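*Asks:* I am attaching a structure below and will ask some questions about it afterwards.
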Amino acid sequence: MRYQLEKYVDPLPRMKRLQPMKKTKDGVHYEMTMKPFKSKLHRDLPATSLWGYNGQFPGPIIEANRDEPVHVTWLNQLPNKHLLPVDVSIHGLNQLPAVRTVVHLHGIETKPDSDGHPEAWYTNGFREIGPNFSRKTFTYPNHQRSSLLWYHDHAMGITRLNVYAGLAGMYILRDKQEKELNLPSGEYEVPLMITDKSFQEDGSLFYPSQPDGAAASLPNPSILPAFNGDTILVNGKVWPYLEVEPRKYRFRMLNASNTRSYRLQLDPNIGLQQIGSDGGLLRNAVGMEEIHFHPAERIDVIIDFSQAGGRSILLKNNLGQDADPKDDTSHIMQFRVTKGLKNKDQSLLPADLSTIPSLKQNNISTIRYLKLVGSSDQFGRPLLLLNNKHWHDPVTEKPKLGATEVWAFTNTTNFSHPIHIHLIQFQILDHQPFDLERYNADGHITFTGPPKAPAANQRGWKDTLEVPAANITRVIAKFAPYSGEFVWHCHILEHEDYDMMRPYIVEDDEQ
Ligand code: C2O
Ligand code: CU
Ligand code: CU
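My numbering applies: residue 19 is where the sequence shown begins, and numbers increase by one.
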């Protein structure tokens, strides 16, 4: 069912900053409570039931400073019954409480016990099964460069449902080096969280309980192989607009969608300068015609509206358009350059932004070939795997603490996957295409072209990257500064939940 919602009738909400509970000599302490709430996501849509951190979607922004640790107590006050259809046929989930949560801060370097391991979930405490506590306090050391991170739920087997219900928010890490650049800041620095959702006519969230045309033999509910909503939201509003002054703005964008990728474009294109990626600032600003934007990626851009006074500029998704010219998901939001200039724009866009030492100089201790594989389960449903292993199989990737490794993701499926590794930021080495038909016939990798260097805007620090179909994509990373068990996975949440996620262990020989 299509629910026709008029575009650009609601102003873009600005997320509020969370106030700390206290500051002590070991850092800044926050509390955040997951709870159900209702919110009007569009002028003409009845209020929608959601789950959110502190009852907000997106959750409030946590702002942190480099080297100043942050401690967050994450409390679960969610109901016992899930808002969305839970498939209990995967991972033996029928043994577990339907509502369970654990928070992961995506992009942070932290110890395993603060990383939000999928099996470290807990409930609201009022459960006969599962842990009898309803809160956990995680520590984020922040010994890393300034960047936009994001927190979201990561509970085993239901991450797609918890995040879709609204459990996602932003975390901005700042440092001195970035402040000295004098980029647009304050009200001219605007975080944008982009998601896609679908709605029922009563305003409630729509998430199918089974794939389209499911056979009667399928479990009900049954996990979907992918989910694309028909409506785009930015900061929790459907197709919003933002009134801006004729000056430079910095937009900190996050793709928090379950499955959907975007190709961002300005219409008319008044110039889009990308200055940062997942792990912070690039070396130099890169002028972009369009930007590919995959789930969980962050991009940091500057748009200069100074020559656009009085005009409306659309942020569009030309992937939507390619598929179908009438597809509404080709629209994201609108900028209206209708405000007067409050004061002279003193902000800068320096040519040199930061230094990024290449990891290629390091000794490479291991090269791992890791296959992205399609198979099917006993119900004939697609089952995507990493290296043909299930989540519960024994750990196979065990880098040594401090070692530099190359991970070569070999995508033998027909579509691209955004692969994410916890704990570290990596650098992309290259993508090399191979003959997938031949591989499917005889299992041999025959390259069909030379390795391609990453695009200019992909040469900074990354924690999530697109691995295209029929390609080997190589990344290089140093596995530090913490040892223990982490995870890596596809960030299409429908894939991550079933079963495109694997544990890995950073081994410390000293212990
Ligand atoms: Cu954004 Cu393991 O997740
Ligand atoms: Cu992560
Ligand atoms: Cu995937």
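Where a beta carbon is used, it is the ideal one built from N, C-alpha and C, also for glycine.
All figures in this text were calculated on a predicted structure; none of them were measured in a lab.
#1: Would you mind working out which of L191, S330 and P103 sits nearest A82, comparing C-alpha positions?
#2: Check whether the Cβ atoms of V252 and I212 sit closer than 7 Å, and answer yes or no.
#3: Quick check on S279: buried or exposed, where buried means 16 or more other Cβ atoms within 10 Å of its Cβ?
#4: On a CA-only basis, which of M518, Y516 and S501 is nearest D559? Give me that one, please.
#5: What does a CB cutoff of less than 8 Å around W506 pick up in its chain, not counting 5 residues either side in sequence?
#6: By Cβ distance below 6 Å, which residues in the same chain neighbour L332 in space, the five residues on each side in sequence not counted?
#7: Using only the heavy atoms of ligand 1, determine whether one of them is closer than 6 Å to the beta carbon of A314.
#8: Going by the DSSP bridge assignment, what does R477 pair with across the sheet?
#9: Do G338 and S348 have their C-beta atoms within less than 7 Å of each other?
#10: Should M39 go down as buried or exposed, given a rule of 16 or more other Cβ atoms within 10 Å for buried?
#11: Could you tell me which uninterrupted beta strand (DSSP E) segments, each at least 3 residues in length, are contained entirely in the segment 245-274, listed from first to last along the chain?
#12: Straight-line CA distance for L388 to D296?
#13: Whose C-beta lies closer than 7 Å to the C-beta of F151 among residues of the same chain, with five residues either side of it excluded?
#14: According to the neighbour-count rule (16 or more other Cβ atoms, all chains shown, within 10 Å of its Cβ), is R32 buried or exposed?
#15: Give the single residue among G478, S376 and K215 whose Cα lies nearest to the Cα of D346.
#16: Under 8 Å: do the segment 199-208 and the segment 231-244 share three or more Cβ pairs, one atom per stretch?
#17: Please write down, chain order preserved, every residue whose beta carbon lies under 6 Å from a heavy atom of ligand 3.
#18: Which residues neighbour ligand 2 when neighbourhood means a C-beta less than 6 Å away from any of its non-hydrogen atoms? List them by chain order.
#19: What do you get for I79, buried or exposed, if any count of 16 or more other CB atoms within 10 angstroms of its CB means buried?
#20: Taking P499 as the reference, give the member of S107, L300, Q162 and A488 with the closest Cα.
#21: Please check if any C-beta of chain D sits within less than 7 Å of the C-beta of G143.
#22: Given a cut-off of 7 Å, decide if M50 and T96 are closer than it, judged by their beta-carbon atoms.
#23: Counting beta carbon pairs with one atom in the segment 70-77 and one in the segment 176-186, are three or more of them shorter than 8 Å?
#24: Ignore the nearest five residues each way along the sequence and tell me which others in R61's own chain have a CB closer than 6 Å to its CB.
#25: Quickly, what does DSSP pair K470 with across the bridge? List them, please.
#26: According to the neighbour-count rule (16 or more other Cβ atoms, all chains shown, within 10 Å of its Cβ), is D171 buried or exposed?
#27: If I measure Cβ to Cβ from S164 and keep anything under 6 Å in the same chain, skipping five residues before and after, which residues do I get?
#28: Extract the residue ranges of the beta strand (DSSP E) inside the segment 134-180, only unbroken runs of 3 or more that lie entirely within it.
#29: Taking the straight line between their C-alpha atoms, what separation do you get for K154 and V120?
#30: Threshold first: 3 residues or longer. Then list the beta strand (DSSP E) segments lying entirely within the segment 173-246, N to C.
#31: Only counting the same chain, and skipping five residues up and downstream in sequence, which positions put a Cβ closer than 8 Å to that of A369?
#32: Using a 10 Å radius around the Cβ and a threshold of 16 neighbouring Cβ atoms, would you call F465 buried or exposed?
#33: Restricting to Cα atoms, I'd like to know which of L30, L511, H449 and A488 is closest to P258.
#34: Would D481 be called buried (16 or more neighbouring beta carbons within 10 Å of its own) or exposed?
*Replies:* If we stick to the structure as given:
#1: Here residue 82 corresponds to residue number 64 of the sequence shown, with the count starting at 1. With distances taken between Cα atoms, A82 lies closest to L191.
#2: Against the sequence shown, residue 252 aligns to sequence position 234. Against the sequence shown, residue 212 aligns to sequence position 194. Yes. Within cutoff.
#3: Counting from 1 along the sequence shown, the entry for residue 279 is found at position 261. Answer is buried; the Cβ neighbour count reaches 16.
#4: The requested residue 559 does not occur in the structure, where the chain is confined to residues 19 to 529.
#5: In the sequence shown, counting from the first residue as 1, residue 506 sits at position 488. If we look at W506 and ignore the five residues flanking it on each side, its Cβ neighbours are L404, E415, I437, H438, I439, H440, M519, R520 and Y522.
#6: As a position in the sequence shown, residue 332 is number 314, starting the count at 1. These residues qualify, in order along the chain: D285 and Q352.
#7: In the sequence shown, the residue the question calls residue 314 occupies position 296. For ligand 1, at least one heavy atom lies less than 6 Å from the Cβ of A314.
#8: Counting from 1 along the sequence shown, the entry for residue 477 is found at position 459. DSSP lists no partner for R477.
#9: Position 320 of the sequence shown, counted from the first residue, corresponds to residue 338. Position 330 of the sequence shown, counted from the first residue, corresponds to residue 348. Yes, the Cβ-Cβ distance between G338 and S348 is below 7 Å.
#10: Here residue 39 corresponds to residue number 21 of the sequence shown, with the count starting at 1. It is exposed - the Cβ of M39 has fewer than 16 other Cβ atoms within 10 Å.
#11: 249-252, 259-261 and 266-273
#12: For the purposes of this step, residue 388 is identified with residue 370 of the sequence shown, where counting begins at 1. For the purposes of this step, residue 296 is identified with residue 278 of the sequence shown, where counting begins at 1. Rounded to the nearest whole angstrom, the CA to CA distance from L388 to D296 is 22 Å.
#13: Here residue 151 refers to the residue found at position 133 of the sequence shown. Only Y140 and G143 meet the Cβ criterion.
#14: The count along the sequence shown starts at 1 and reaches residue 32 at position 14. So R32 counts as exposed.
#15: Along the sequence shown, read from residue 1 onward, the residue named residue 346 stands at position 328. Comparing Cα-Cα distances from D346 to each of G478, S376 and K215, the minimum goes to K215.
#16: no
#17: Here the residues come out as L402, H435, C508, I510, H513 and M518.
#18: H122, H124, H438 and H440
#19: Here residue 79 refers to the residue found at position 61 of the sequence shown. Classification of I79: buried, given that the 10 Å Cβ count is 16 or more.
#20: The residue given as residue 499 occupies position 481 in the sequence shown. Comparing Cα positions, the closest option is Q162.
#21: The structure shown contains no chain D; it holds only a single protein chain.
#22: Taking the first residue of the sequence shown as 1, we reach residue 96 at position 78. Taking the first residue of the sequence shown as 1, we reach residue 50 at position 32. Going by the sequence as given, residue 96 is Leu instead of Thr. No, the pair does not count as a contact, with Cβ atoms beyond the cut-off.
#23: yes
#24: Indexing the sequence shown from 1 puts residue 61 at position 43. Excluding sequence neighbours, R61 sits near V27 and D28.
#25: For the purposes of this step, residue 470 is identified with residue 452 of the sequence shown, where counting begins at 1. Note: K470 sits in a beta bridge opposite H449.
#26: The residue labelled residue 171 in the question sits at position 153 within the sequence shown. The residue in question, D171, is buried, as its Cβ has 16 or more Cβ neighbours within 10 Å.
#27: For the purposes of this step, residue 164 is taken as residue 146 along the sequence shown, with counting starting at 1. Excluding positions up to five away in sequence, the list reads L191, R192, D193, E196 and G298.
#28: As summarised for the segment 134-180, the continuous beta strand (DSSP E) elements at least 3 residues long and confined to that stretch are 153-158 and 165-171, given in chain order.
#29: Counted from its first residue, the sequence shown places residue 154 at position 136. Counted from its first residue, the sequence shown places residue 120 at position 102. Roughly 8 Å separates the two Cα atoms.
#30: 186-192 and 207-217
#31: To locate residue 369, count along the sequence shown from 1; it is residue 351. These residues qualify, in order along the chain: N302 and A303.
#32: One-based indexing of the sequence shown puts residue 465 at position 447. The residue in question, F465, is exposed, as its Cβ has fewer than 16 Cβ neighbours within 10 Å.
#33: The residue labelled residue 258 in the question sits at position 240 within the sequence shown. Residue L30 is the option with its Cα nearest to P258.
#34: The residue you call residue 481 lines up with position 463 of the sequence shown. So D481 ends up on the buried side.
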